[in-house]
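Worksheet: one structure, shown below.
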């Protein structure tokens with residue numbers, strides 16, 4: 007457990023100790039055992055079937071889900087009183103990471119165990135849980151979540167599906183169409199959102215066999231071809247009144263709270279997929295010869311492998327730091343209180359900015375990774391005989407679902423600024439201090455006796471830059487800043503890089519004392535490589551934001567601040583990249 011629990015977004019204004027972050031090196035033996043069980047299941051039961059699953063043999067997917075149920079992999083987030091395991095978020099993320107190696111099967115699993123199951127867990131009545139939860143967590147039934155419509159994606163509350171109470175008061179009659187529904191073709195239970203009397207956005211539990219529920223044909227997709235994606239058409243669909251989920255008009259709470267969870271779980275899943283893809287690229291580079299030597303011996307290929315390793319290390323560090331934040335917060339909630347799940351979801355909502363960061367950063371690390379893996383394969387990466395081609399196609403959806411990366415980028419600064427306006431974060435006073443530092447010359451010297459001193463100074467300086475950018479934006483636009491999306495996107499990119507870099511550095515600092523000299527060298531190399539990348543990305547975002555907001559003397563002053571605060575001495579960068587690459591190539595694995 008963390009010594010000090012930060013609030014959501016507070017990392018931007020406080021110095022964080024490595025004692026306050028959870029790292030993968032701290033997994034318990036039980037967590038490692040669950041991860042190993044999951045990994046063996048995927049490798050033995052799913053991977054041999056991937057080609058058939060890609061042909062949409064959904065019987066194999068349903069069978070795989072039942073086996074997941076037998077292994078307890080669908081019970082992780084379910085309450086013990088209904089047969090669940092009720093494990094921590096770190097374990098939940100770890101299982102999601104290992105499942106991700108199952109290709110399209112992992113999409114079915116994630117939709118079922120996350121957004122398909124959790125609305126019932128968090129908002130269901132005892133009777134609803136008694137009726138449905140046992141079937142879902144055993145794998146007897148598969149679950150789906152129906153929010154998106156043909157005309158409403160990011161604007162979920164713009165849904166047009168309707169619900170009207172029947173004259174006898176026994177049913178709600180649902181009409182409308184839901185779009186892009188994962189598991190749509192074989193699910194038995196759907197969480198469907200509709201507006202009662204065209205205005206009260208509400209959720210319903212709808213069984214496959216209810217009169218008026220029609221399943222559309224499978225979508226022909228670019229990637230994740232082995233997952234089921236259909237329309238769900240509601241044609242006077244009769245839903246018993248007792249199947250209304252949560253409260254009338256409060257469907258938005260269900261939708262958005264469950265999406266927060268979907269985002270951090272996606273962060274874990276794509277991190278696992280990135281590890282798998284990178285290893286595939288390394289193995290190919292070791293056997294593919296050009297000019298009479300393996301292409302892995304070439305510096306151009308080694309640099310790709312080093313960059314992938316460092317980015318995935320940062321991604322993994324970020325995901326499990328977030329898991330630690332969530333678990334520490336949730337552990338403070340009394341399970342005996344009547345409104346336990348209401349408080350529980352408030353605890354998760356506290357870290358909504360970090361959940362969005364995990365979704366964006368980790369999905370973009372996967373995008374970079376699969377692109378480089380295809381490049382390492384050359385022409386062979388473009389043909390379906392090699393898995394690199396499937397990785398490339400399957401990756402693309404991760405930047406779209408669970409809220410597009412653009413929407414999530416807008417949410418990050420938006421949620422942080424809302425916290426500031428509520429008085430939960432002293433952003434204004436900290437921004438004023440940041441402005442003062444712009445006009446104060448710096449005589450700060452880096453103390454080399456402090457672990458990762460240069461990177462810690464960089465993190466501190468990037469936080470100052472964020473505060474300058476956010477403070478300038480608020481000062482100029484006030485409450486209209488929400489309409490300046492380009493500025494918010496720039497601020498988000500800065501906030502994302504800060505959280506990722508800080509997570510990577512604090513993990514290395516915490517893990518190094520117990521590590522071998524060789525492992526310590528790898529931590530240092532990964533941190534240096536990623537710090538260089540993060541400083542460049544953060545500096546670019548800050549410059550962009552400065553040009554968007556200001557002009558004249560104020561712009562000149564902020565740009566001078568960008569040059570000063572985004573500066574990082576990456577001396578030894580090439581050697582660090584070679585250290586990472588050669589170790590990964592020799593061991594043919596992700597190093598951490």
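Residue numbers (this note's numbering): 7 to 598. For every residue, glycine included, the Cβ atom is placed at its ideal position computed from N, Cα and C. Bear in mind the structure is a predicted one, so any value in this text is a computation, not a measurement.
Nearest neighbour of residue 76 by Cα position, chosen from 152, 345, 89 and 471, turns out to be 89. Here residue 111 is not near residue 73, since their CB atoms are 8 Å or more apart. Straight-line spacing of the CA atoms in residue 144 and residue 80 works out to 7 Å. As for any beta strand (DSSP E) of minimum length 3 sitting wholly inside the segment 41–85, there is none. Counting the other Cβ atoms within 10 Å of the Cβ of residue 581 gives fewer than 16, which makes it exposed.
Taken in chain order, the whole alpha helix (DSSP H) runs of length 4 or more contained in the segment 348–393 are 358–383. Contact between residue 192 and residue 234 is confirmed by a C-beta separation of about 6 Å, below the 8 Å threshold. Judged by beta-carbon spacing, residue 535 lies within the 8 Å limit of residue 579, meaning their Cβ atoms are closer than that value. Segment contact: the segment 296–312 against the segment 247–265, fewer than three CB-CB distances shorter than 8 Å; contact not assigned. Take residue 281, set aside five residues on each side of it, and the residues of its chain with a beta-carbon closer than 7 Å to its own are 318 and 596, in chain order. When secondary structure is reduced to three states using DSSP, residue 224 falls in the strand class. Straight-line spacing of the CA atoms in residue 509 and residue 103 works out to 18 Å. Scanning the segment 386–455 from its first residue to its last, no whole beta strand (DSSP E) run of 3-plus residues comes out. Looking only at 504, 497, 586 and 189, the smallest Cα-Cα distance to residue 553 is reached by 497. Between residue 189 and residue 114 the beta-carbon gap is near 6 Å, inside 8 Å, which marks them as a contact.
Contact check for residue 491 against residue 416 passes: the beta carbons are separated by less than 8 Å. When the beta-carbon positions are compared, residue 502 and residue 555 stay at least 8 Å from each other. In this structure, the beta-carbon distance from residue 27 to residue 513 falls below 8 Å.
Per DSSP, residue 339 lies in no beta strand (DSSP E) segment and is marked neither H nor E. The beta carbon of residue 533 is closer than 7 Å to those of 458, 461, 510, 511 and 514 in its chain, skipping five residues each way along the sequence. When DSSP states are grouped into helix, strand and coil, residue 559 belongs to the helix group. The alpha carbon of residue 105 has as its nearest neighbour, out of 374, 277, 237 and 122, the alpha carbon of 277. Residue 256 sits in coil when the DSSP states are folded into three classes, being neither helix nor strand. Per DSSP, reduced to three states, the secondary structure at residue 91 is coil, with no helix or strand assignment. Residue 550 and residue 542 have their C-alpha atoms roughly 12 Å apart.
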